[in-house]
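In what follows, a single structure is set out as structure tokens and then discussed.
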């Protein structure tokens, strides 16, 4: 899959980012994600995500749902005042790429990698010279993706302990990811894997 095709699949989510330099960074980060990210199921076992995140492109739909959760919540008049416009953009970017290396840089195993939050955080740092954002932005972004698993930060099959979300933006990213993985929440997608937004029909 070429870079422009990857970006096209997440263009709507990228367009939620207002700052043009951060939008450029989002385009770059999406373009270097492994091909499998745009093809696989959100859960290797099917246990931890709703039906819309299952099957072909399930992970992509999960990411789109998590971003939509954030955008809706951040437009709420009570919640929106909590975060700066810069932090809102970084939150959206974090959710776009939070599962970007769910199986590692190359998918060689059937199961997702428990340490994937740290893998994507490190990946961002590896390519930081290609990004326009500030060092402070990079640290915030990396802390959000590294801690997105929330309280599920240990695993019986790994000795890695993932960081817990502490800052408000980290907790917000975790909450959106959490909501997008709840099995009782159903979201409809069209044939192009874009959310069907019922609000525009009301």
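In our numbering, the protein residues as written are 12 to 213. The C-beta atom is built at its ideal place from N, Cα and C for all residues, glycine as well.
In three-state DSSP terms, what is residue 158?
-> Sequence index remark: in the chain shown, residue 158 carries index 147 (1-based). It is coil, neither helix nor strand.
Close beta carbons around residue 153, own chain, < 7 Å, minus the five adjacent residues each side | Your numbering for residue 153 matches position 142 in the chain shown. The answer, listed in chain order, is 132, 135, 136.
Would you give the residue range spanned by the alpha helix (DSSP H) that residue 69 belongs to?
-> For this step, residue 69 is matched to residue 58 along the chain shown. From DSSP, the alpha helix (DSSP H) with residue 69 extends over 69-85.
With residue 41 and residue 78 assumed to form a contact (beta carbons below 8 Å), what rounded beta-carbon distance in angstroms separates them?
-> Within the chain shown, residue 41 is the residue found at index 30, counting from 1. Within the chain shown, residue 78 is the residue found at index 67, counting from 1. Rounded, the Cβ-Cβ distance is 12 Å, inconsistent with contact.
Identify which residue in 130, 205, 125 has its Cα closest to the Cα of residue 166.
-> Looking up residue 166 in the chain shown gives position 155. Check the Cα spacing between residue 166 and each of 130, 205, 125: the tightest is with 125.
Boundaries of the alpha helix (DSSP H) in which residue 97 is found, first to last residue = Taking the first residue of the chain shown as position 1, residue 97 is located at position 86. For residue 97, the enclosing alpha helix (DSSP H) starts and ends at 96-108.
Spatial distance of residue 108 from residue 168 (CA atoms) = Walking along the chain shown from the start, residue 108 turns up at place 97. Walking along the chain shown from the start, residue 168 turns up at place 157. Straight through space, the alpha carbons of residue 168 and residue 108 are spaced by roughly 24 Å.
Assign residue 138 to buried or exposed, taking buried as 16 or more other Cβ atoms, counted over all protein chains shown, within 10 Å of its Cβ.
-> Reading the chain shown from its first residue, position 127 is the one you call residue 138. When all chains shown are included, residue 138 counts as exposed.
Residue 162 burial status per 10 Å Cβ neighbour count (16 or more: buried) = For the purposes of this step, residue 162 is taken as the residue at position 151 of the chain shown. Residue 162 comes out exposed.
Taking the alpha carbon of residue 171 as the point to measure from, which residue in 188, 203, 129, 187 has its own alpha carbon closest?
-> Taking the first residue of the chain shown as position 1, residue 171 is located at position 160. Cα-wise, what sits closest to residue 171 is 129.
Is it right to say residue 119 is buried, meaning 16 or more other beta carbons lie within 10 angstroms of its own, or is it exposed?
-> For the purposes of this step, residue 119 is taken as residue 108 along the chain shown, with counting starting at 1. So residue 119 counts as exposed.
Indicate the three-state DSSP secondary structure (helix, strand or coil) for residue 291 in the structure shown.
-> Since the first and last residues shown for the chain are 12 and 213, residue 291 lies out of range.
Is it the case that the Cβ atoms of residue 183 and residue 111 are separated by a distance below 8 Å?
-> In the chain shown, the residue the question calls residue 183 occupies position 172. In the chain shown, the residue the question calls residue 111 occupies position 100. No, they are not a contact pair.
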